[in-house]
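J.:
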Amino acid sequence: MDTQRLPRAYSYVRFSTPEQAKGHSLQRQTDAARAWAAATKVTLDDELTFQDKGVSGFTGANRETGELGVFLERVKDGTIPHGSWLLVESLDRISRQAARRAVRVIEDIIEHGITVVDLSDGGREYSAETLEKDPFLFMMMVLKFIRANEESATKGVGSAGTPRQQAMS
């Protein structure tokens, strides 16, 4: 019997502050992932979900010690099969670091055969194939990361003029 798992969609939810947990961020991001899966008729894995609640995308903690890092481990060990989708509310859920670091995170995901879906952008897909075929898509991705990083840096500037460790996003 072949135990290889079929590709499916995986939801990644992230917000930076405990205060956001009191609002609708988790539900909004989860609902968007469910709606995409239903519309595309792709199975959304409800058992294996990835949530970084109160974890910064600005510092990269979500990649280094959070659930995004766990997602990548599961991709690398084959638990999550190539050809699967990572659903995010927007690209800035993955990273709010400087653009070159954010691009490395996306590259690490897509080079392992995963397509990142930006649900806030009409379900725009970022994969090795789409980024190679459309250099403007790559440029738009970089611009989104620049905007997200600048927004977090602006929100996170403390009285001494240095970014706080836990940037708002």
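In this note's numbering, the protein residues as written are 11 to 179. The beta-carbon is built from N, C-alpha and C at its ideal position, and this holds for glycine as well.
Got a sec: is the Cβ-Cβ distance from ALA43 to anything in chain D below 9 Å?
T.: Although the question refers to chain D, the structure presented lacks it and comprises just one protein chain.
J.: Could you check the C-alpha separation between PHE155 and LEU16 for me, to the nearest Å?
T.: Taking the first residue of the sequence shown as position 1, residue 155 is located at position 145. Taking the first residue of the sequence shown as position 1, residue 16 is located at position 6. So the two alpha carbons sit approximately 31 Å from each other.
J.: Note down, in chain order, each residue of its chain lying with its Cβ closer than 8 Å to the Cβ of ARG84, except the 5 sequence neighbours on either side.
T.: Position 74 of the sequence shown, counted from the first residue, corresponds to residue 84. Closer than 8 Å at the Cβ level, and outside the excluded window around ARG84, lie LEU58, ILE90.
J.: Are the beta-carbon atoms of VAL126 and LEU101 separated by less than 9 Å?
T.: In the sequence shown, residue 126 corresponds to position 116, counting from 1. In the sequence shown, residue 101 corresponds to position 91, counting from 1. Cβ distance < 9 Å, so VAL126 and LEU101 count as in contact.
J.: Expressed to the nearest angstrom, what Euclidean distance is found between the alpha-carbon atoms of GLU117 and GLY67?
T.: The residue given as residue 117 occupies position 107 in the sequence shown. The residue given as residue 67 occupies position 57 in the sequence shown. About 16 Å.
J.: Any idea what DSSP makes of SER130, helix, strand or coil?
T.: Numbered from its first residue, the sequence shown carries residue 130 at position 120. Reduced to three states, the DSSP call for SER130 is helix.
J.: Starting from PHE148, trace the alpha helix (DSSP H) in both directions and tell me its first and last residue.
T.: Taking the sequence shown and counting its residues from 1, the one referred to as residue 148 is at position 138. Counting along the chain, the alpha helix (DSSP H) containing PHE148 begins and ends at 145-165.
J.: Just to check my reading of the structure: VAL115 and SER105 have Cβ atoms closer than 8 Å, yes? What is that Cβ distance to the nearest angstrom?
T.: Locating residue 115 in the sequence shown gives position 105, where the first residue counts as 1. Locating residue 105 in the sequence shown gives position 95, where the first residue counts as 1. Confirmed, Cβ separation roughly 5 Å.
J.: Mind checking whether LEU82 and HIS122 have CB atoms under 9 Å apart?
T.: Residue 82 sits at position 72 when you count from the first residue of the sequence shown. Residue 122 sits at position 112 when you count from the first residue of the sequence shown. Yes.
J.: Between the Cα of SER162 and those of THR140, TRP95, ALA109, VAL80, spot the shortest distance and give me the residue it belongs to.
T.: Counting from 1 along the sequence shown, the entry for residue 162 is found at position 152. Nearest option by C-alpha distance: ALA109.
J.: Near ARG134, what residues of its chain come up, given a Cβ to Cβ distance below 6 Å and the 5 sequence neighbours on each side ignored?
T.: Along the sequence shown, read from residue 1 onward, the residue named residue 134 stands at position 124. Within the same chain, ARG134 has close Cβ partners ASP128.
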